[in-house]
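In full-length UniProt numbering, the protein residues as written are 1 to 379.
No residue lacks a Cβ here, since even glycine has one placed at the ideal position from N, Cα and C.
Reviewing the structure listed below.
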Ligand SMILES: [Zn+2]
Ligand SMILES: [Zn+2]
C-alpha cells in the first residue's frame, strides 16, 4: 500500500477543493455531491436520502462491512450574515478518506463477504449527523469503524499519528428566564431577568467535582434588554457550554445546573427553564480497533510515527456509533498536522503534507480489520 506521488497529489487536490468549499451543518449539498461524484468514479455505490446531506458509499457487497467515517461540515462564524470556514479540519478528513477509498478500490480484493463502507457524515458540529446516519441504517453489518481527526500542535507533532482519540463529552444548555418588564423608576413592579442571569453565571464555579476529573462549564451567550435603556427587561436567555472527560461527570454537571436553575428561579421570583442541545457522548474506544490503527501506523509510517493515544477535551459525535452498536470495534485516528492556533479558530492553519500518509494508514487499517474478520470465520 504505497503512496505514489500521483496519489499524494490527488489527495492534496481533493483537500484543496473541499477546503475551498466550506458548508455548515445540514447544508453540505455541494460537498456531498462532490464526494459522491469522486467515489462513484472509484466504483462505489452511494446511498443518499432526499432532502438530507451526507451519504453512505459502499465498495463491494458485504454483508460484513469495515467502515471509515469522514465528517463533512464546516463551522459557521458570526450571525445570520456570517460565513462558513473549515476550521475544524473536516476537509482534511474527507481528503484522507477519499485517498483511502482509492487505495482500497485499486485492490487487492478484501476477503470474500467483506466490503468497505464510507460514512460521509453531515453535521458533526451540531452533534446530530452521526445519529442521522445511524437512523438511515448505516451501521447495519458494520463490525469495525475508523474515524480520523486533525489535532492541535500541542497535542501531536506534524507527521505523528495516535491510534485513538479519547474525546470528552459535550453539551449545550439553553436557559430561558421569564420575569416581568418594568419601568426603570419602578423596579418593584417587575422582575428583572438580568439578576437571575448574573446569579446563574456566579453559580457555575460553585459546581465542583473531584479535581482529578476534567470538566468545565461556562456561559457562551447572553441575551437580555432592548433598545430602551430605561426599561427593566423581563426576559433573558443564557447559553452554557459544558465539557467533561467522562460521561458520568457530564451527567453530574447537568443535574447540578438543573438544581441551580430551580433555586435561582425561586429566589428571584422568575420562571426559568433549561433545555439541552448538541450533546455528544465521551469516547468509548475499543482496544482492538486502537490496536489495529497502531499496527497500520507502524506498517505505513514507521514505529517513530506512532504516538500515544490522545486524550482531549474536544468532543466528537463519532462516539454515538459505538453507543448505538454495542460490540462495534471503533477508534479514531489522531492526525498530527500541527493545527495552530487552534481548532474552531477561523485563522487556523495546518500542514497538508501528512494527508496522503493518513489515507494509506486508514486503508491499511481497513485491510487488517477485514483480514481479522476472515479469522473470525465471518466471511
Ligand atoms: Zn469541531
Ligand atoms: Zn471536528
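Relative to the alpha-carbon of residue i, which residue among the options has its alpha-carbon at the smallest distance?
i           : options               : result
residue 275 : 330, 240 and 244      : 240
residue 132 : 106, 63 and 49        : 49
residue 393 : 27, 316 and 324       : Not covered by the structure: residue 393. The range shown for the chain is 1 to 379.
residue 273 : 200, 46 and 186       : 200
residue 61  : 70, 363 and 45        : 45
residue 226 : 170, 127, 140 and 183 : 183
residue 236 : 2, 248 and 222        : 222
residue 314 : 260, 363, 255 and 242 : 242
residue 42  : 105, 169 and 372      : 105
residue 290 : 129, 368, 27 and 21   : 368
residue 94  : 163, 166 and 21       : 21
residue 303 : 361, 277, 331 and 179 : 361
residue 195 : 338, 224 and 115      : 224
residue 33  : 53, 127 and 267       : 53
residue 212 : 202, 180, 246 and 348 : 246
residue 26  : 181, 130, 348 and 63  : 130
residue 321 : 127, 162, 114 and 267 : 127
residue 238 : 219, 252, 248 and 244 : 219
residue 2   : 339, 107 and 29       : 107
residue 297 : 103, 162, 261 and 77  : 162
residue 78  : 372, 346 and 109      : 346
residue 180 : 234, 202, 330 and 295 : 234
residue 47  : 285, 117 and 31       : 117
residue 202 : 59, 285 and 260       : 260
residue 389 : 59, 140 and 166       : Outside the displayed range of the chain (1 to 379) lies residue 389, so it cannot be described from this structure.
Using 8 Å for Cβ pairs, my map puts residue i next to residue j. What's the rounded Cβ distance?
i           : j           : result
residue 120 : residue 55  : 5 Å
residue 319 : residue 75  : About 20 Å separates the two Cβ atoms, so there is no contact after all.
residue 73  : residue 125 : 5 Å
residue 305 : residue 160 : 6 Å
residue 7   : residue 356 : 6 Å
residue 366 : residue 85  : Between residue 85 and residue 366 the Cβ distance is about 30 Å, and since that is not below 8 Å, they are no contact.
residue 158 : residue 351 : 5 Å
residue 173 : residue 257 : 6 Å
residue 164 : residue 309 : 4 Å
residue 348 : residue 339 : 6 Å
To the nearest angstrom, how far is it from the Cα of residue i to the Cα of residue j?
i           : j           : result
residue 287 : residue 326 : 14 Å
residue 36  : residue 57  : 8 Å
residue 68  : residue 143 : 11 Å
residue 151 : residue 333 : 10 Å
residue 370 : residue 335 : 22 Å
residue 232 : residue 24  : 37 Å
residue 384 : residue 15  : Any answer about residue 384 is impossible in this case: the structure gives the chain only from 1 up to 379.
residue 204 : residue 197 : 11 Å
residue 359 : residue 99  : 5 Å
residue 192 : residue 176 : 13 Å
residue 138 : residue 87  : 27 Å
residue 145 : residue 217 : 31 Å
residue 135 : residue 323 : 13 Å
residue 112 : residue 328 : 20 Å
residue 311 : residue 187 : 50 Å
residue 214 : residue 207 : 13 Å
residue 363 : residue 83  : 34 Å
residue 307 : residue 300 : 14 Å
residue 17  : residue 293 : 27 Å
residue 379 : residue 63  : Because the pLDDT of residue 379 is 42, which lies under 50, any placement of that residue in the model is unreliable, and the number read from its coordinates should be weighed accordingly. Each residue's alpha carbon lies about 8 Å from the other.
residue 210 : residue 122 : 36 Å
residue 250 : residue 5   : 46 Å
residue 70  : residue 271 : 42 Å
residue 9   : residue 103 : 14 Å
residue 169 : residue 278 : 11 Å
residue 29  : residue 115 : 26 Å
residue 11  : residue 31  : 15 Å
residue 342 : residue 178 : 37 Å
residue 244 : residue 331 : 19 Å
Within 10 Å of its beta-carbon, does residue i have 16 or more other beta-carbons around it, so buried, or fewer, so exposed?
i           : result
residue 269 : exposed
residue 38  : buried
residue 80  : exposed
residue 375 : exposed
residue 185 : exposed
residue 101 : buried
residue 254 : buried
residue 229 : exposed
residue 189 : exposed
residue 280 : buried
residue 13  : exposed
residue 262 : exposed
residue 90  : buried
residue 266 : exposed
Is there a Cβ of chain D sitting closer than 8 Å to that of residue i, yes or no?
i           : result
residue 262 : The chain labelled as chain D is not found in the depicted structure, where only one protein chain is given.
Any heavy atom of ligand 4 closer than 7 Å to the CB of residue i?
i          : result
residue 79 : This structure lacks ligand 4; its bound ligands are ligand 1 and ligand 2.
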